[in-house]
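In the working numbering, the protein residues as written are 1081 to 1368.
All C-beta atoms, glycine included, are put in the ideal place defined by N, C-alpha and C.
As the structure is a computational prediction, the values presented were derived from the model and not from experiment.
Here the structure is laid out as structure tokens; the discussion comes afterwards.
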Ligand code: NAD
């Protein structure tokens, strides 16, 4: 067992960041009269999406934001969502627009993400912001990987020079995670469902970051002694409990640092949404 294994406590850091945001919101309101506003588009009745939106709404309330959720039925048309986004783009009370994913199959998600005004794109999914991230320019960065970077920084972990392996290559988790690590001068490998022999990649890594949505994907024999393990996965186990993608019980014995699920990356994602929305609001207040 690695001595002094440390838990990366996203719950504690998330709370600290939320408190800072709440205090900055008071300053913004006092100096400009503007309250940060977040609009959420929620389509259908997927329980996980509803739960995530509920958590985001509560976090907005705690931070002193104005927030509005546009709930739409599963069979909504593309045009109706587009109209809502256009209205939110024009609405000066709204600083951030979040489209809760996934959307039903009749909806062209890419087209909707491209319709969000880049300066209200607090999820960082618009190709404008994706391009800025990949060229190392300032912009909105997707909340989950951004939260991972803040968590690493809080514990004094600098990815520079590290061999990093990202498991999962989605646009919202794996790809922006890899871009951030590369921007931080790590040597980055991105693996995915078609990767042959995942273990051959993970077992030599200094840091393994997993967001695949597969329970127990990363086992003890797949990581090296002293590795840093970031578990981004959120899965519902048969017993109803929330678990990540890492076999925490066994992998934690070898890790130097590891995130728990829940209480690791999840709360950081919400804290980053608040931070991104505050940042958008500060910029909009300056412009007006
Ligand atoms: P996704 O389904 O869009 O992407 C999953 C990725 O994992 C794909 O690139 C796929 O190729 C890869 N993958 C799947 N099975 C694999 C396997 N056996 N081996 C290697 N790679 C494999 O999912 P997503 O939206 O990126 O989410 C991934 C996970 O992260 C989910 O569990 C999701 O709930 C979780 N998530 C957590 C947060 C958070 O705040 N902690 C935020 C977003 C997503």
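In the DSSP output, what is residue i paired with across the bridge?
{"i": "residue 1311", "result": "1290"}
{"i": "residue 1190", "result": "Beta-bridge pairing links residue 1190 to no other residue."}
{"i": "residue 1087", "result": "1338"}
{"i": "residue 1362", "result": "Answer by DSSP bridge pairing: none, since residue 1362 is not bridged."}
{"i": "residue 1130", "result": "Per DSSP, none; premise fails for residue 1130."}
{"i": "residue 1243", "result": "1267"}
Would you identify the three-state DSSP class for residue i, choosing helix, strand or coil?
{"i": "residue 1146", "result": "strand"}
{"i": "residue 1165", "result": "helix"}
{"i": "residue 1151", "result": "strand"}
{"i": "residue 1176", "result": "strand"}
{"i": "residue 1345", "result": "helix"}
{"i": "residue 1298", "result": "strand"}
{"i": "residue 1119", "result": "strand"}
{"i": "residue 1224", "result": "helix"}
{"i": "residue 1183", "result": "coil"}
{"i": "residue 1217", "result": "coil"}
{"i": "residue 1202", "result": "coil"}
{"i": "residue 1303", "result": "coil"}
Considering only the beta carbon of each residue, do residue i and residue j sit closer than 8 Å?
{"i": "residue 1205", "j": "residue 1357", "result": "no"}
{"i": "residue 1187", "j": "residue 1222", "result": "no"}
{"i": "residue 1231", "j": "residue 1257", "result": "no"}
{"i": "residue 1286", "j": "residue 1308", "result": "yes"}
{"i": "residue 1161", "j": "residue 1192", "result": "yes"}
{"i": "residue 1270", "j": "residue 1249", "result": "yes"}
{"i": "residue 1052", "j": "residue 1198", "result": "The question about residue 1052 has no answer here: the residues shown for the chain are numbered 1081 through 1368."}
{"i": "residue 1246", "j": "residue 1254", "result": "yes"}
{"i": "residue 1112", "j": "residue 1365", "result": "yes"}
{"i": "residue 1348", "j": "residue 1219", "result": "no"}
Let's test the definition: count the other Cβ atoms within 10 Å of the Cβ of residue i and tell me whether it reaches 16, buried, or not, exposed.
{"i": "residue 1200", "result": "buried"}
{"i": "residue 1325", "result": "buried"}
{"i": "residue 1272", "result": "exposed"}
{"i": "residue 1301", "result": "exposed"}
{"i": "residue 1167", "result": "exposed"}
{"i": "residue 1202", "result": "buried"}
{"i": "residue 1259", "result": "buried"}
Does the ligand PLP have a heavy atom nearer than 7 Å to the CB of residue i?
{"i": "residue 1357", "result": "Within the structure as shown, the ligand PLP is missing, the only ligands being the ligand NAD."}
For the candidate residues the options, whose alpha-carbon lies nearest to that of residue i?
{"i": "residue 1132", "options": "1179, 1106, 1102", "result": "1179"}
{"i": "residue 1304", "options": "1314, 1336, 1290, 1294", "result": "1336"}
{"i": "residue 1322", "options": "1331, 1332, 1311", "result": "1311"}
{"i": "residue 1362", "options": "1177, 1096, 1117", "result": "1117"}
{"i": "residue 1279", "options": "1297, 1249, 1255, 1159", "result": "1297"}
{"i": "residue 1094", "options": "1343, 1367, 1365", "result": "1343"}
{"i": "residue 1185", "options": "1158, 1177, 1175, 1207", "result": "1158"}
{"i": "residue 1262", "options": "1239, 1107, 1277", "result": "1239"}
{"i": "residue 1097", "options": "1367, 1353, 1360, 1295", "result": "1353"}
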